[in-house]
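Presented below is the structure to which this report refers.
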Amino acid sequence: MKETIHIYHTNDLHSHFEHWSRIRDFLKKRKEWHVTEGEEVFLFDIGDHADRWHPYTEATLGKGNVGLLNEAGYDAVTIGNNEGITLEYEDLESLYKDAEFDVIVGNLLNSDNEVPSWVKPHHIYETGSGLKVAVLGLTAHFLPFYKALGWNITPPLEELKKQVELVKDEADVLVLLSHLGIRDDELIASSFPEIDVVLGAHTHHILHEGKEINGVMLGAAGKFGHYVGHMMIEVDPAKKMVLSKKARLYAHEDLPKSVHEVEEREQWYREGEHLLETEVARLPEPLQAEWFKPSPLPGLLCDALKEWCSADCSFLNAGLLIEGLSEGAVTRRDLHHILPHPINPCLIELSGAELKELIKMTFNEEWPHLQLKGLGFRGKIMGEFVYSGIVFEEEKQKIYINGSEILPKETYKLAIPDMFTFGHFFPDLARLDKKYFMPEFLRDVLAWKLGG
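Be aware that the sequence shown starts at 370, since it is given in the numbering used here, and climbs by one per residue.
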C-alpha cells in the first residue's frame, strides 16, 4: 500500500505580509484536510521570514514573525541571514523562545562553540505508519558577520556530510531545508544522493515543478509570499522506500482570499509603527535629503559613519536616505522609515593608491540613477555619492583626505556601508580585510549622531 507525505514550504517572505493572511489560512486548511484524510503533512519555512524593513519586525525584533508562524501551524523552520545576522546575539538567542515549532540548523554554534539550546542540527519525525522522516537544516555561511556578533557559522557542506552520516541509516526519508541558494542546492543534489528532497531559499529562485538532479528533487517558492510550495513524496511504508517525488507551486493570486486580509496587513504595520514611537532626538530645523544634489542629511550621516568607525574618511550613496527629517521630535519610527536597510557600518584599511582608485570609481555618472536591488538595500535609487573627510578639485584629478593630498603608500581608514564590500560595485574590496560594526545599522548610527 502506498502512502503520500505532503510537505508545504515557504521561503524568503522578508516580512512582506501582503499575502500572509491567505497563505496562513490556506496552510491551516490544507493541514486540517490532510489530517482528516489520514495523510502525513508537514509545514516548513526555509528562512528569511523576518526582515527588519517592516516596522512590525523591527519593533518586535522578529518575535512577531514567530507568532505568525505559530498561528499558521508550522512544524519546523531553518534560519536565513535576515534572522541570523540582523539581530544582536541576545535577540537571536531569545527569538524562538515561544516558538511552537522546531528550529533546525546544522551549521550554527554559539559563543561557547556549542549547538544553541534553541537549535536542533536535525530532527527525525515519525509518521503514523512508522516511517521516519529526517529533516536537516543549513543556513548561508556569512562568517565575518556571524563572527562579529559572537556566533560561529561552520561550512554548510561539511556539516551536511556529518548530519547525513548520522541519520541516513535511521531515517527512511531525508529532507533538507536549505537557505544556501540554488547553486549550492544543485551541488548538494549532485553530491548527496541519500537526500530525497532539498527545499531551497536565499536566491529567491522559483521551481514551478521542482528540479530533479541525481534522483534528488529540488523545490523552491521564490520570494515575498508570491508562491507556496507543495512537495509530494510517495512511499512504500512496508518496504520503507521512496517511490516518487512531485513538486508544484500555488501562486498567491490563486489562493482563496482571507476575510480580513487588508485589515490584518494594516494592523501589523500600525502596531509596529506604534511600538517605534520612541523619541531619540529633537531638531531645531528640518534636515532635507536629496538624491542628486548636495543636501544636509546625507552629509550628516556620512560624518556620523566616519566618526562611529573612527575612520579618516567615509563615503556613502545619498539614495540610502528615503527622505529627510522634519523639524521637532525624531522617533525610532522616523529613522526606520528613512533608513529601513539592514546595512552595517564597515571599516577598511587600504593604501592611498587603493583609496584614490576607489574614490575615482564613485565618479561613475551612471551609478546615481541605478535602480538598486539586493545587498541589503531596501531603497529605490542609488543616488549621488556623499563624502566626509574627502575633498577633490573640480577636475577630480587631485584628491585630498582631511586637507592633505592622498599619499599612495600611506595607510588610510575608510568607513563605508557594508553593501559596498560584497564585490558588486568595488570588486577589489572583496580581498581586503574588513571590520564590520555590528549589530548597529546605519539608522542606529544616525540616532547616535542626532542624539549626541
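Even for Gly, the Cβ is constructed at its ideal location relative to N, Cα and C.
None of these values were measured; they are calculated from a predicted model.
Look at residue 583 here: in three-state DSSP terms it is coil, with no helix or strand label.
The shortest CA-to-CA distance from residue 582 to any of 574, 450 and 561 is the one to 561. Within the same chain, Cβ atoms closer than 6 Å to the Cβ of residue 790 are found at 715, 798 and 803, the five residues on either side in sequence being excluded. Residue pairing by DSSP leaves residue 420 without any beta bridge partner. By the CB criterion at 7 Å, residue 436 and residue 400 fall outside the cutoff.
Secondary structure in the segment 640–681: the alpha helix (DSSP H) runs of 4 residues or longer, each lying completely within the stretch, are 665–677 in chain order. Membership of residue 567 in the beta strand (DSSP E) is indicated by the continuous run 566–569.
In the DSSP assignment, residue 465 forms no beta bridge with any residue. Looking at the DSSP output, residue 617 bridges to 599. Between residue 687 and residue 752, the CB-CB gap stays under 7 Å.
Per DSSP, reduced to three states, the secondary structure at residue 786 is strand. Per DSSP, residue 405 is one residue of the alpha helix (DSSP H) stretching across 389–405. Under the DSSP definition of a beta bridge, residue 503 partners with 493 and 543. Fully contained in the segment 715–757 are the following beta strand (DSSP E) runs of length 3 or more, in chain order: 754–757. The three-state secondary structure of residue 413, taken from DSSP, is strand.
Take the alpha-carbon of residue 757 and the one of residue 705: they are about 23 Å apart. Under the DSSP assignment, residue 804 falls in the beta strand (DSSP E) whose first and last residues are 803–805. Residue 698 is positioned such that its CB atom lies closer than 7 Å to that of residue 648. Exclusion of the five residues before and after residue 536 leaves 491, 493, 503, 505 and 543 as the residues of its chain whose Cβ lies within less than 8 Å of its Cβ. In terms of CA proximity to residue 630, 386 leads the group 374, 386 and 378. 380 is the residue among 380, 429, 433 and 409 whose C-alpha sits nearest the C-alpha of residue 415.
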